[in-house]
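The structure under discussion appears below in the form of structure tokens.
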Amino acid sequence: MQTPPTVDASAAPPLIAHIIHRLDIGGLENGLVNLINRMPPERYRHAIVCMKDYTDFSRRIQRDDVTLHALHKREGNDLAIHGRLWRLLRQLRPAIVHTRNMATLEMQTTAALAGVRCRVHGEHGWDIGDLDGSRAKNRWLRRLFRPFVSQYIVLSQHQRDYLAKRIGVPATRINHICNGVDTQRFHPVPRNQATALPPGFAPPGTLVIGTVMRMQPVKAPGILVDSFLSLLDQEPAARERLRLVMIGDGPLLPELRERIVTAGAMDLAWLPGARDDIPDLLRALDLFVLPSLAEGICNTILEAMASGLPVVATRVGGNPDLVVEGETGQLIAASSAEALTAALRQYLREPSLIRAQGNGARTRAEQEFSLDTMVKRYLSVYDRLLSPPSP
């Protein structure tokens, strides 16, 4: 845990304490780091409070005035963590506490008891065990802690509707702010300039289908493998023209590799595990696919769009907020290898769609999902909370 720097509270910008489960590789964490790095330092200071701990991912924070704090929560019901958080908040004295997702929602009460008047809660996605928010216990908990939350921030229209209709949150307390993407870091280049794939893996004329995900059940990577293998069987020229790239680690990775090996297609697929050169890898793809069962707002979809790739994604969560059917990609039913196979077959047979929809995806990313737009919207919520009440 870092010791908070000594500052003159009367002169320093207000402090925001961001409470998250753990600072590690992930979409929520990436969005938080982007927000902090892009926010003007004269507007707000930041502290990141991790219920568990933080990893080397914290090195992506580009500001030297951000403090990191690990509460080392034990597995299960660790009641003592409330005391540790209360003492830390009394020491930090933030103007705003911002919790994120169900894992930290109950800390809204601890922040209130510590005297933090302005409290924000972000809904960034669904739990693996509750893919649509229908679990009775989670609905009850959200309603229980609802009075302690000053303002909610949701990433998708789906989550906005859920809070309003299922949890009973007034519309005046819900703010819809989509994640932003760094369109300078993620950008397209001509395919023949992309060198991140293994030498000889994708010769000219091949269609490289790719994804970046955590290889776990909620992301449904097996659906993509099923569709790829089906196309190899159904399309006579597919073995010469198709390649599959699946980037990411996770518990399902060994099983996915084994299935491809068993099908005799490992020379047509590349599953290297986790990588840190994602921008270069995306630029080496032709088509991005995300067959997930549930999503909030998926950062990798935004990164693929900014890289000039058409996106095939399931019609779940916030995906329809990002992908415009027929203009930047396709939306398909979840859990359907048949629907995904049909979509991939269309791109294989009509390669002109790739360029047209890829250009549309890049334009949409630049116009609708810039980091500057995201930061302005967060600043608006924070500023409004700290503004004196109207007469």
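Sequential numbering from 640 applies to the sequence shown in the working numbering. Note that the Cβ used here is the ideal one computed from N, Cα and C, for glycine as well.
Report task. Spell out a yes or no on whether the region 906-915 and the region 872-888 are touching, meaning 3 or more CB-CB pairs, one atom from each, closer than 8 Å. Result -> Using a Cβ-Cβ distance cut-off of 8 Å, the region 906-915 and the region 872-888 are in contact, since at least three pairs of beta carbons, one from each stretch, lie closer than that value.
Query raised in the report: Would the beta-carbon of residue 659 fall within 8 Å of that of residue 739?
Result: In the sequence shown, counting from the first residue as 1, residue 659 sits at position 20. In the sequence shown, counting from the first residue as 1, residue 739 sits at position 100. Less than 8 Å separates the beta-carbon of residue 659 from that of residue 739.
Report task. Using beta-carbon positions only, say whether residue 1018 and residue 909 come within less than 8 Å of one another. Result -> Numbered from its first residue, the sequence shown carries residue 1018 at position 379. Numbered from its first residue, the sequence shown carries residue 909 at position 270. Using a Cβ distance threshold of 8 Å, residue 1018 and residue 909 do not count as a contacting pair.
Query raised in the report: What did DSSP end up calling residue 849 once you bin it into helix, strand or coil?
Result: Against the sequence shown, residue 849 aligns to sequence position 210. The three-state secondary structure of residue 849, taken from DSSP, is strand.
Report task. Rank 683, 690, 962, 1003 by C-alpha distance to the C-alpha of residue 1021 and give the top, closest one. Result -> Counting from one through the sequence shown, the residue named residue 1021 turns up at place 382. Among 683, 690, 962, 1003, the Cα nearest to that of residue 1021 is on 683.
Report task. Go through its chain and collect everything with a Cβ distance to residue 878's Cβ below 7 Å, but skip five positions before and after it. Result -> Here residue 878 refers to the residue found at position 239 of the sequence shown. Correct list, in chain order: 871, 907.
**Report entry** Contacts around residue 978, its chain only, beta-carbon distance under 7 Å, and the 5 residues preceding and following it disregarded
**Finding:** Locating residue 978 in the sequence shown gives position 339, counting from the first residue. Take residue 978, set aside five residues on each side of it, and the residues of its chain with a beta-carbon closer than 7 Å to its own are 971, 972, in chain order.
Query raised in the report: Quick one: what does DSSP say residue 769 is sitting in, helix, strand or coil?
Result: In the sequence shown, the residue the question calls residue 769 occupies position 130. Note: residue 769 maps to strand in three-state DSSP.
Report task. Return the first residue and the last residue of the alpha helix (DSSP H) that residue 977 is part of. Result -> Within the sequence shown, numbered from 1, the residue matching residue 977 stands at position 338. Taken as a continuous stretch (DSSP letters only), the alpha helix (DSSP H) holding residue 977 covers 976-988.
Query - Cβ shell of residue 815 (< 6 Å), same chain only, five flanking positions each side left out - result: The count along the sequence shown starts at 1 and reaches residue 815 at position 176. 793, 799.
Query raised in the report: Within the chosen definition, does the region 921-929 reach the region 890-903 through at least 3 CB pairs nearer than 8 Å?
Result: Using a Cβ-Cβ distance cut-off of 8 Å, the region 921-929 and the region 890-903 are not in contact, since fewer than three pairs of beta carbons, one from each stretch, lie closer than that value.
Query raised in the report: How many Å lie between residue 801 and residue 670 at the Cα?
Result: To locate residue 801, count along the sequence shown from 1; it is residue 162. To locate residue 670, count along the sequence shown from 1; it is residue 31. C-alpha separation (whole angstroms): 22 Å.
Report task. Starting from the Cα of residue 968, find the closest Cα among 990, 665, 974, 753 and give me that residue. Result -> Here residue 968 is taken as the residue at index 329 of the sequence shown, counted from 1. When each option's Cα is compared against that of residue 968, the closest is 990.
Query raised in the report: What number of angstroms, rounded off, separates the C-alpha of residue 883 from the C-alpha of residue 983?
Result: The residue labelled residue 883 in the question sits at position 244 within the sequence shown. The residue labelled residue 983 in the question sits at position 344 within the sequence shown. If I take the Cα positions, the gap works out to 11 Å.
Query raised in the report: Okay, do the region 937-947 and the region 958-965 touch, 3+ Cβ pairs below 8 Å being the bar?
Result: Contact holds: three or more Cβ-Cβ distances are below 8 Å.
Query raised in the report: Which of helix, strand or coil does DSSP assign to residue 686?
Result: Numbered from its first residue, the sequence shown carries residue 686 at position 47. In this structure, residue 686 counts as strand in the three-state DSSP scheme.
Report task. Would you check if there are 3 or more beta carbon pairs closer than 8 Å linking the region 716-724 to the region 757-770? Result -> Between the region 716-724 and the region 757-770, the count of Cβ pairs shorter than 8 Å is below three; the stretches do not touch.
Query raised in the report: Starting from residue 1008 and walking both ways along the alpha helix (DSSP H), at which residues does that stretch end?
Result: To locate residue 1008, count along the sequence shown from 1; it is residue 369. Segment: none, residue 1008 is in no alpha helix (DSSP H) and carries neither H nor E.
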